[in-house]
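Visitor:
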Amino acid sequence: MSAATVVDDKALADCLNEISRALPQTDVRFETVGAVQSNIKAVQRAVAGELCRMLDPGKPPLAPAKGKPSVVMFVGLCRAPGRRGERQARGGQEGDGQRRQGRQWLCAVQGQQRNGCKSLTMVQGLSAAYNYTKILRDLKRELCCSGIVVEDEDLGNVQLQGDHRKAVAAFLV
Numbered sequence: 001m002s003a004a005t006v007v008d009d010k011a012l013a014d015c016l017n018e019i020s021r022a023l024p025q026t027d028v029r030f031e032t033v034g035a036v037q038s039n040i041k042a043v044q045r046a047v048a049g050e051l052c053r054m055l056d057p058g059k060p061p062l063a064p065a066k067g068k069p070s071v072v073m074f075v076g077l078c079r080a081p082g083r084r085g086e087r088q089a090r091g092g093q094e095g096d097g098q099r100r101q102g103r104q105w106l107c108a109v110q111g112q113q114r115n116g117c118k119s120l121t122m123v124q125g126l127s128a129a130y131n132y133t134k135i136l137r138d139l140k141r142e143l144c145c146s147g148i149v150v151e152d153e154d155l156g157n158v159q160l161q162g163d164h165r166k167a168v169a170a171f172l173v
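As numbered in UniProt numbering, the sequence shown has no gaps in its residue numbers, which increase by one up to the final residue, 173.
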């Protein structure tokens, strides 16, 4: 499994359609095909809901709605102390007394479709030890986009204009 796991409704639908086309050719009953499809969808919803509960226990499970993020990318951050990226993200602080080796942080990178072709990339769940302004500055330079740091629990800590989920996940890992 990779460091970033993407739960994508379109990719899942394509996979289910491929299974639906392949199973009837192998002499499997139609009821079995329907049961497999519903089980895969239930597993996908359960996994996405559990990951959302891990990220923020107070929120209800993931329920995609119109105009809301339908693709959530969960990024597990685990870095040994002393690496350049972590020092830079924490604002260059050294020797803070805590050993971070072996700890894992869970972060969500969400994409939200706005009007038309415009979208918004939101980063939630970053540790308070990170310096959000330095992370945003580096992301803006690397991705050539605009962004802001907000203190909103629902919308995330760092927001970027455009769909940059994969690039942000690669940057954070």
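Quick reminder that beta carbons are idealized off the backbone N, C-alpha and C, glycines included.
1) Report the rounded CA-to-CA distance for Asn115 versus Gly162, giving the unit in angstroms.
2) Considering just the uninterrupted stretch of the beta strand (DSSP E) at Leu136, what are its terminal residues?
3) Would you mind stating whether Thr121 and Val150 have Cβ atoms separated by less than 8 angstroms?
4) I'd like to check one pair, Val123 with Asn157: are the Cβ atoms closer than 8 angstroms?
5) What are the boundary residues of the beta strand (DSSP E) that Leu120 is part of?
6) Tell me which residues share the same chain as Ala89 and place their Cβ nearer than 7 angstroms to its Cβ, disregarding the 5 neighbours each side in the sequence.
7) Tell me which same chain residues have a C-beta within less than 7 angstroms of the C-beta of Asp96, skipping the five on either side of it?
8) Write down the C-beta distance between Ser119 and Gly111 rounded to the nearest angstrom, noting that I regard them as a contact closer than 8 angstroms.
9) May I have the straight-line CA-CA distance separating Glu142 from Leu160, to the nearest angstrom?
10) Residues in its own chain within less than 6 angstroms of Gln113 by CB, not counting five upstream and five downstream?
11) Can you list, in chain order, the residues of its chain whose CB lies under 7 angstroms from that of Ile148, leaving out five sequence neighbours each side?
Guide: Looking at the atomic coordinates:
1) Cα to Cα, the separation comes out at about 12 angstroms.
2) Counting along the chain, Leu136 falls outside any beta strand (DSSP E), though it belongs to the alpha helix (DSSP H) covering Tyr132 to Leu143.
3) No, the Cβ-Cβ distance between Thr121 and Val150 is not below 8 angstroms.
4) Contact: yes.
5) For Leu120, the uninterrupted beta strand (DSSP E) run begins and ends at Ser119 to Gln124, by DSSP.
6) Per-residue confidence for Ala89 stands at a pLDDT of 47, beneath the threshold of 50, marking its modelled position as unreliable; the derived number appears in the next sentence. Once the five neighbours on either side are set aside, the close Cβ partners of Ala89 are Tyr130, Asn131, Lys134 and Ile135.
7) In this prediction, Asp96 has a pLDDT of 38, which is less than 50 and means its spatial position is unreliable; what the coordinates show is noted afterwards. For Asp96, where only same-chain residues beyond five positions count, there are no Cβ hits under 7 angstroms.
8) Between Ser119 and Gly111 a beta carbon distance of about 6 angstroms is seen, short of the 8 angstroms cut, so the two are scored as contacting.
9) Near 12 angstroms, if we compare the C-alpha coordinates of Leu160 and Glu142.
10) Cβ neighbours of Gln113 beyond the five flanking positions: Ser119.
11) So the qualifying residues of the chain are Gln159.
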